[in-house]
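Notes to accompany the following structure.
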Amino acid sequence: MNEAILEKLKVLAESAKYDVSCASSGTTRKNIPGGIGNAQGWGICHSFTEDGRCVSLLKIMLTNNCIYDCAYCINRRSNDLQRATFSVSELVELTIEFYRRNYIEGLFLSSGVVRNPDYTMERLVRAIKDLRTVHRFNGYIHMKSIPGASEQLVHEAGLYADRLSVNIEIPTEQNLKLLAPEKDHASVYKPMSFIQQGMLESKEDRRKFRSAPRFAPAGQSTQMIVGATSENDKQILQTSAALYQRPSMKRVYYSGFIPVNSYDNRLPALKQPPLVRENRLYQADWLMRFYEFKVDEIVDDRYPDLDLEIDPKLSWALRHPEVFPVDVNKADYSLILRIPGIGVKSAKLIVMSRRYTKITGSALKKMGVVMKKAQYFITCNELPVHTVHEASPEYVRKVLTEKKFPKSKQTDQQQLSLIFE
Amino acid sequence: MIVFRYDKTYEGLLTAIFDAYFRKTFPDKLLGTDDIEPMFAEESFTVITQSDKAARVWKSLEKKLSANACNMLTYVWLSEEDGSDELLFQYIRKTVDSKRTIETNFADEVVLKVHKLAMKVSKERLRMIQFVRFQKAADDVFFAPVSPDHNCLPLVIDHFKDRFADQKWILYDTKRDYGFYYDLKTVTEMTLETSARFSEGKLDEALMAEDEKLFQQLWKTYFKSMAIKERINPKLHRQLMPKRYWKYMTEKQ
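The listed protein sequences correspond, in order, to chains A and B.
Last residue of the first sequence: number 537 in my numbering, and the count goes up by one each step with no gaps.
Last residue of the second sequence: number 256 in my numbering, and the count goes up by one each step with no gaps.
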């Protein structure tokens, strides 16, 4: 290792940072004698960038050279930027040394496509194979499968990686064609099904032989760019819902579009990446994965876009006042989960505790329920102030979206009144 | 008011519980051996720590509580927060006095308080696992100074022992001035004679391994280039990575 590698690292990290996937969860692996590292099922973030995103893996590209020319991508062929390529051994050493210092939980390896998909894929596979077999590394490895790579190589990658991912990037084929004419959805869905097949086969084999090799045990994930094209939230969430139908799909990531190639007039001109929308999409995604919501309960033809002012659960509740108020002392767990202001944790606490005593409003507050929201949707031992029926959904919405004065203004006002006294 | 004095050890606390049940008097306040007695104390009793008494109390708790709840009690003890010993005393007393387990009755204030305090310690334990940064010294030992709010170093030893099994390391609490050393086989508790030198969070450059500086620099470079400037959000950044840990974190030094 020498100083020259600093420059490469900078270039290749810059190029990889727009991929938002960062999780290191889904596999538990113990260390082996003489080996280094292990993996925790729940994933560990080791740092947070100044934009507040988690750093758990060394997210890096093997090279940022690319034969494609996708409008949304910083590394597109036609961009005049500094290019760099790691050798396999440089990349492997960097991963191990960062890991030893507890900087990272493992490696997230992606790459621009050089020459052809298989040529690129083969070098990626060589890197992660070296880590596992030569360096006896048991930390987390997430690898981006290159669209269009052969089944054989995808299969080999699955033997060494914890998670494989292929990015959809643009939710509909039509818009993908517009921004990335050289790509199509088929080249994404094909490796996705190779991965799924590999996982299912390995599961079947392991039922017979416990020592059969694991294949991408943490499943696969994908990413969609939000706001670069005209899709509404309904189209995006329906795509995610369809993906979650697949047994191997663990996460869909949403990446608020950042105009890295603002000169390209196929792209919208944005002042700010659509961060609120991105956040609402993640909330909707959570509702589907952990709150037993169906996609058409969150968005439908009447409400094709998520409300930017309030979260999707509150939005659903205000559209369905007939479900409320819910009696927290009697209702099913799944119904309690639907109350705005109550999360998975507090819902569980409620169900466990009510076997002992009746739950009161103050007890709910102590358990971490956001009463500001929940109060309109529940009955507990005491009578609530007023429910969503008495107060009307419009009123509740107004109260909950009211903007308070920013703190700095308040202090200013106080100082002013002191002066005038 | 009845006051118990004890040596402020976990064993001492468990002994106090044993003694209280034996004497059938329960303290309103727990004091350290040298603490000043409050006014109006009718009775003051000094507990003499005995490991067999403590073991009996612990054993009966293990019978009545889940392993999870027993861990929680240890976490609350390691929180080192004011009054956490009295809270534990109340919790254990409730457990002993109740026919069925109380551990999931979160409507009870004591149960909820224990749960919350344990969660606080557990959160910091996780932060140690996340934010500890090792620096490689010239003698090939990886050294990491920390100063957590709660005494949670003992809770992360197993994690690091499994993860970094093939390298020697030291985890050192500069606030409590003790640490753990792993020599490729076992972990032993230790105290450094020169610990004052690491209060800044950095290893002296003269003591660093040859390419340690390079890797620190590489990590800093990487950390910087990962941030997306269009999305900068310092408030969220501090919320996720509280400032009090920064001085030990390479990327923030």
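Backbone N, C-alpha and C fix where the C-beta goes; we use that ideal spot for every residue, glycine too.
Each of B:4, B:139, B:214 and B:182 was checked against the Cα of residue 29 of chain B, and the nearest Cα belongs to B:4.
Interface residue (Cβ-Cβ distance to chain A less than 7 Å): residue 228 of chain B is classified as such. For the pair of segments examined, the stretch 24-40 of chain B was found not to touch the stretch 101-112 of chain B: the number of CB pairs separated by less than 8 Å stays below three.
The C-beta separation of residue 78 of chain B from residue 125 of chain B comes to about 6 Å, placing the pair in contact by the 8 Å criterion. Look at the stretch 355-432 of chain A and you find these whole runs of beta strand (DSSP E), each 3 residues long or longer: 365-372. Shown here, residue 240 of chain A sits in a helix according to DSSP, grouped into three states. Of the residues assessed, residue 158 of chain A falls on the exposed side of the cut-off, its CB having fewer than 16 other CB atoms within 10 angstroms.
The continuous stretches of alpha helix (DSSP H) do not include residue 8 of chain B, which lies in the beta strand (DSSP E) extending over residues 5-9.
Put simply, the backbone Cα of residue 47 of chain B is about 20 Å away from that of residue 57 of chain B. Less than 7 Å separates the beta-carbon of residue 450 of chain A from that of residue 408 of chain A.
Between residue 493 of chain A and residue 466 of chain A, the gap from beta carbon to beta carbon reaches 7 Å or more. Distances from the CA of residue 207 of chain A to each of A:192, A:175, A:228 and A:195 were compared; the closest alpha carbon is that of A:175. DSSP places residue 258 of chain A inside the beta strand (DSSP E), whose first and last residues are 256-260.
Looking at the backbone, the Cα of residue 195 of chain A and that of residue 374 of chain A are separated by about 16 Å. Going by beta carbons, residue 158 of chain B and residue 176 of chain B fall outside the 7 Å limit. For residue 238 of chain A, there are no C-beta contacts with chain B under 9 Å, since the nearest C-beta of that chain is about 26 Å from it.
In the DSSP assignment, residue 182 of chain B falls within the beta strand (DSSP E) that extends over 181-185.
For residue 143 of chain A and residue 511 of chain A, the gap between their C-alpha atoms comes out near 46 Å.
In the same chain as residue 483 of chain A, and ignoring 5 residues on each side of it, the C-beta atoms closer than 8 Å to its own belong to 462, 465, 466 and 469, in chain order. For residue 25 of chain B, the enclosing alpha helix (DSSP H) starts and ends at 13-26. Shown in chain order are the members of the stretch 214-244 of chain B whose Cβ falls below 7 Å from a Cβ of chain A: 214, 217, 218, 220, 221, 222, 224, 225, 226, 228, 229, 230, 231, 233, 234, 235, 236, 237, 239, 240, 243 and 244. Around the beta-carbon of residue 388 of chain A, fewer than 16 other beta-carbon atoms lie within 10 Å, marking it exposed. Scanning its chain for C-beta atoms nearer than 8 Å, with the 5 sequence neighbours on each side dropped, one finds no residue around residue 149 of chain A.
In chain order, 108 and 110 make up the part of chain B whose C-beta sits under 7 Å from the C-beta of residue 472 of chain A. Segment contact: the stretch 185-192 of chain B against the stretch 162-175 of chain B, three or more CB-CB distances shorter than 8 Å; contact assigned.
Closest in C-alpha terms to residue 146 of chain A, from the list A:323, A:381, A:269 and A:256, comes A:256. Nearest to residue 224 of chain B by alpha-carbon distance, out of B:254, B:26, B:211 and B:61, is B:254.
In the assembly as shown, residue 86 of chain B is an exposed residue. Its beta-carbon has fewer than 16 other beta-carbons within 10 Å. As a beta-bridge residue in DSSP terms, residue 340 of chain A pairs with A:285 and A:370.
When DSSP states are grouped into helix, strand and coil, residue 159 of chain A belongs to the coil group. Take residue 105 of chain B, set aside five residues on each side of it, and the residues of its chain with a beta-carbon closer than 7 Å to its own are 97, 98, 111 and 114, in chain order.
Selection A:383, A:401 and A:179 evaluated against residue 354 of chain A yields A:401 as nearest (Cα-Cα). Using a Cβ distance threshold of 7 Å, residue 14 of chain B and residue 49 of chain B do not count as a contacting pair. For the set A:447, A:488 and A:486, the Cα lying nearest the Cα of residue 471 of chain A is the one of A:447.
Judged by beta-carbon spacing, residue 304 of chain A lies within the 7 Å limit of residue 263 of chain A, meaning their Cβ atoms are closer than that value. Using a Cβ distance threshold of 7 Å, residue 135 of chain B and residue 121 of chain B do not count as a contacting pair.
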